[in-house]
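These notes concern the structure reproduced below.
Residue numbers (my numbering): 21 to 174.
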């Protein structure tokens, strides 16, 4: 028996619960940031995040996707495992119009709404990943999508 009469299994379970709690918190923070302007429900924010990130991942090199995902909350990475684009496939070549059309189709929203959601997801995403990773992703995007990716001028 370990600490205060708890078995090693019980202690391990508690550690896992704490770890899960932390993962849940980072994920919740991500989704809550996305909901912040107050016009998105959590489930909508989740769908928007997945649609935008899956589309982004289909546009950049697989290694870059993996580097970016490594910095995301675990729960979000699990959702991204369902992206239609295979993780090992070469990036597809398309510009902003197609990028936003795919997101609009995935979320059943207008192109304008898709653009606004994309900017919000990108902003929230940039808060989660390192500056180096932000630049690496931007370096793989055509200018019109890179423009969506960059923080809007203040």
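Here a beta-carbon is modelled for each residue, glycine too, at the ideal position from N, C-alpha and C.
All values derive from a computational prediction rather than experimental measurement.
Residue burial is scored here from C-beta neighbours: residue 79 has at least 16 other C-beta atoms within 10 angstroms and is therefore classed as buried. With fewer than 16 neighbouring CB atoms inside 10 Å of its own CB, residue 131 falls in the exposed class. Here residue 113 is exposed, its C-beta having fewer than 16 other C-beta atoms within 10 Å.
Counting along the chain, residue 78 sits inside the alpha helix (DSSP H) bounded by residues 62 to 79. Straight through space, the alpha carbons of residue 85 and residue 104 are spaced by roughly 14 Å. DSSP places residue 116 in the uninterrupted alpha helix (DSSP H) bounded by 116 to 127.
Residue state for residue 137 is assigned as helix, using DSSP reduced to three classes. At least 7 Å separates the beta-carbon of residue 168 from that of residue 68. With 16 or more neighbouring CB atoms inside 10 Å of its own CB, residue 140 falls in the buried class.
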